[in-house]
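Report on the following structure.
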Amino acid sequence: MSVLSLRPLVPDAATFQVLRGKSMAEGFSMLRRLQDHWRDGSNTFAKPGEALFGVFEGTSLVGMGGLNVDPYFADGGSGRVRHVYVDPEFRRHGVGRLLIEAIACHARARFALLNLRAPDAAHAFYEALGFEPVKGEQFATHRRLLTMPNEGS
Ligand SMILES: CC(C)(COP(=O)(O)OP(=O)(O)OC[C@H]1O[C@@H](n2cnc3c(N)ncnc32)[C@H](O)[C@@H]1OP(=O)(O)O)[C@@H](O)C(=O)NCCC(=O)NCCS
């Protein structure tokens with residue numbers, strides 16, 4: 001694998017359409033929903049603290065993930081990890097870790113914790129990255145408290 005770079009993502013470019021096609025071929029709808037909501041303006045990752053990241057190999061998008069203010073927890077201090085997807089050919093090479101650590105790093109400026117709701121197949125991934133399983137909540141399967149690097153997390 002050659003050099004990868006992390007950059008802000010605009011989900012309308014041709015390279016996004018390629019990754020969107022791969023996700024839909026696997027049965028995942030999150031990139032389609034992301035693009036629909038971007039286009040209708042309902043979620044453009046533009047609220048304070050929000051971000052949308054892509055991992056690129058050259059000009060090709062090989063992974064993506066977003067950070068929203070969590071709409072399900074109205075405390076203002078909760079961020080929500082959204083739409084994390086890595087090209088099948090690039091999995092288990094640290095792309096997902098790069099995305100989550102970028103999201104966590106960005107989130108620390110604004111949020112005290114990150115929530116997410118993940119399919120069973122992604123639980124091991126999130127637990128490897130410091131998320132704790134959440135039991136009995138409708139809107140979260142996992143949560144990670146955010147601390148500064150010198151606070152031990
Ligand atoms: C989940 C996903 C994002 C992981 O991306 P990735 O780039 O393969 O993840 P990484 O290589 O950074 O993995 C980091 C660590 O997570 C764990 N991990 C990742 N995938 C795993 C899997 N399938 N099974 C068990 N552990 C896994 C491992 O500990 C891994 O470290 P290691 O490779 O050194 O053992 C990717 O598999 C994916 O896009 N899946 C389909 C979409 C999806 O489920 N998204 C989540 C929606 S909430």
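The opening residue of the sequence shown carries number 1 in full-length UniProt numbering; numbering runs sequentially from there.
C-beta: ideal position from N, C-alpha, C; glycine also.
Neighbourhood of residue i by C-beta, 7 Å cutoff - its chain only, sequence neighbours within 5 removed
i: His83; result: Met30, Leu31, Leu34, Met64, Gly65, Gly66
Nearest candidate by alpha-carbon position, reference residue i, set the options
i: Tyr72; options: Gln17, Gly27, Val55, Asn115; result: Asn115
i: Val10; options: Val134, Arg143, Thr59; result: Thr59
i: Asp87; options: Gln17, Pro8, Asp12; result: Gln17
i: Arg91; options: Val62, Val69, Asn68; result: Val62
i: Ser78; options: Ala13, Tyr85, Ala112; result: Ala112
i: Phe125; options: Arg97, Arg117, Val134, Glu137; result: Arg97
i: Ser23; options: Asp70, Glu127, Glu89; result: Glu89
Residue i - containing alpha helix (DSSP H), residue span
i: Tyr126; result: 123–128
i: Arg39; result: 30–40
i: Leu19; result: 14–25
Nonlocal neighbours in the same chain, by C-beta distance under 6 Å from residue i, ignoring five residues either side
i: Ser5; result: Phe56
i: Gly130; result: Arg144
Proximity test, residue i beta-carbon vs ligand 2 heavy atom, cut-off 8 Å
i: Arg91; result: Within the structure as shown, ligand 2 is missing, the only ligands being ligand 1.
Residue span of the beta strand (DSSP E) that contains residue i, given as start and end
i: Arg144; result: 142–145
i: Gly96; result: Run containing Gly96: none in the beta strand (DSSP E); it sits in the alpha helix (DSSP H), 95–107.
i: Leu113; result: 113–116
Exposed unless 16 or more other CB atoms sit within 10 angstroms - verdict on residue i
i: Ala140; result: buried
i: Ser2; result: exposed
Original post:
Quick one: any contact between the stretch 100–107 and the stretch 34–43, if contact means 3 or more CB pairs under 8 Å?
Top reply: no
**OP:** Kindly confirm or deny that the stretch 119–129 and the stretch 52–64 touch, where touching means at least three C-beta pairs closer than 8 Å.
**Re:** no
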